[in-house]
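If you're matching them up, the sequences are chains P and D in order. Note that numbering that gives the first Met the number 0 numbers the first sequence so that position 10 is 9, with each residue one more than the last. Note that numbering that gives the first Met the number 0 numbers the second sequence so that position 100 is 99, with each residue one more than the last. For each residue, glycine too, the CB sits at the ideal point set by N, CA and C.
Number of protein chains: 2
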Amino acid sequence: MRIGELAERAGTTTRALRYYEQLGLLPARRAGNGYRAYGEEDLRLLREIRMLQDFGFGLEETRPFVECLRAGHPEGDACPASLEVYRRKLAELDECIARLADVRSQVAGQFERAVRARDELASVEQPPLCELAKE
Amino acid sequence: MRIGELAERAGTTTRALRYYEQLGLLPARRAGNGYRAYGEEDLRLLREIRMLQDFGFGLEETRPFVECLRAGHPEGDACPASLEVYRRKLAELDECIARLADVRSQVAGQFERAVRARDELASVEQPPLCELAKE
DNA sequence: GCTGGCGTTGACGTCGGGGGGAAGGTTTAC
DNA sequence: GTAAACCTTCCCCCCGACGTCAACGCCAGC
């Protein structure tokens, strides 16, 4: 299989495949004419990369998974190095979520304070027309 | 007050102040010699900008707050435009947190599956030495 | 009158990751 | 024969919020 076909079957571009090879992530055999030659195995590796990318993994973080598959394991996450990447990613996500939640609560606090201040100001400047309007 | 003093009192740099002026966010009067001249008011504006920046607001998002203060309001979030920025930011934060939480749960699922697979493999390849070891 | 410190503008660098796009050449497919 | 696909190498880009010079002006103290 040549680069164009692999790219199409994996839903990516030839440019990305050359880039992965440049990183040493997905090296290709070469045919006599210099063309990159890929097998079905490479399609599996590539799909692993794409899946992890969708999870927000960086390309370097996919490397253990790819090497694990290349070592013959049926799953890319069968190796300790891959599990370690999972753990690091989970910790990273937890920290990021916690930080965002903290910011969110601070912003929400500011927002509510501002809204209350506005309402109080409004009630001073424009008192209700009658008592019935309160209900 | 000149640019160096303002920068120091607000805990930022002269470069940042020139950048804010370039954006039209914090314009400065000029002294006769061409030096930027700031007042105490500018320090308040600048502190508002820095606080919002710490919350993760972009500089453009701080503009309504700064203009609100400049319009004479005692608080930067007393204007509807500022409240709208708060709302947008809260929605943005919520969406971001939800997305991360979703990714986190997917990654956690993958991780747990991989760990279970590894444990099962280990129990097949290395069966317990005796029944007592099970408890 | 000289040094040092602050000020001015403008232009360019950076960081990070994941490629895009064009130039210029070979090979393959119809 | 020609168009499509492939090759390599090279620079470009995105995004914001500045950092980092460069080359010069202004002013205070000694």
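Residue i versus residue j: straight-line alpha-carbon distance, rounded
i         : j         : result
LEU58(D)  : LEU92(P)  : 26 Å
GLU119(P) : LEU82(D)  : 15 Å
GLN21(P)  : ALA116(P) : 58 Å
LEU42(P)  : CYS95(D)  : 32 Å
VAL84(P)  : GLU60(P)  : 7 Å
LEU99(P)  : LEU89(P)  : 15 Å
LEU68(P)  : ALA15(P)  : 20 Å
CYS78(D)  : ALA70(D)  : 10 Å
ALA121(P) : VAL114(P) : 10 Å
ARG86(P)  : ALA107(D) : 9 Å
GLU39(P)  : HIS72(P)  : 15 Å
ASP76(D)  : ALA6(D)   : 23 Å
LEU24(P)  : MET0(P)   : 18 Å
ALA30(D)  : ILE48(P)  : 59 Å
ILE2(P)   : TYR37(P)  : 7 Å
ARG28(P)  : TYR19(D)  : 53 Å
ARG8(P)   : ALA97(P)  : 38 Å
ASP101(P) : ARG103(D) : 18 Å
GLY33(D)  : THR12(P)  : 54 Å
ARG46(D)  : ARG112(P) : 18 Å
Candidates the options: closest to residue i by CA position
i         : options                                : result
LEU51(D)  : GLY38(D), VAL65(D), GLU40(D)           : VAL65(D)
ASP53(P)  : LEU24(P), MET0(P), GLY10(P), ALA27(P)  : GLY10(P)
PRO26(D)  : PHE110(D), ARG62(D), ARG8(D), ALA80(D) : ARG62(D)
ARG35(P)  : ARG17(P), ARG46(P), LEU45(P), LEU44(P) : ARG17(P)
GLN105(P) : PHE110(D), ARG112(D), PHE56(D)         : PHE56(D)
LEU44(D)  : GLU74(D), ASN32(D), GLY33(D)           : GLU74(D)
PHE110(P) : ALA80(D), PHE110(D), ARG112(D)         : ALA80(D)
Per-residue DSSP class, three states only, for residue i
i         : result
ARG1(D)   : coil
ALA135(D) : Nothing in the structure corresponds to residue 135(D), since chain D is present only between 0 and 134.
ALA36(D)  : strand
ALA121(P) : helix
LEU131(P) : Caution applies to LEU131(P), whose pLDDT of 45 falls short of 50 and renders its modelled position unreliable; the value that the coordinates give is listed next. In this structure, LEU131(P) counts as helix in the three-state DSSP scheme.
Interface flag, residue i vs chain P, CB-CB below 7 Å
i         : result
VAL84(D)  : no
LEU138(D) : There is simply no residue 138(D) to check, as chain D begins at 0 and stops at 134 in what is shown.
LEU22(D)  : no
Residue-chain proximity (residue i, chain D), Cβ-Cβ < 7 Å
i         : result
ALA97(P)  : no
VAL65(P)  : no
GLY55(P)  : yes
LEU58(P)  : no
LEU16(P)  : no
ASP76(P)  : yes
LEU89(P)  : yes
LEU5(P)   : no
LEU131(P) : Confidence in LEU131(P) is poor, its pLDDT being 45 and thus under 50, which makes the residue's placement unreliable; the coordinate value appears in the next sentence. Closer than 7 Å: no.
LEU68(P)  : no
LEU92(P)  : yes
* **Interface residues of the segment 34-47 of chain D facing chain P [CB-CB below 7 Å]** => none
* Asked: Which of the residues in the segment 103-118 of chain P, read from start to end, lie with their CB under 9 Å from any CB of chain D?
  -> ARG103, GLN105, VAL106, ALA107, GLN109, PHE110, ARG112, ALA113, VAL114, ALA116, ARG117
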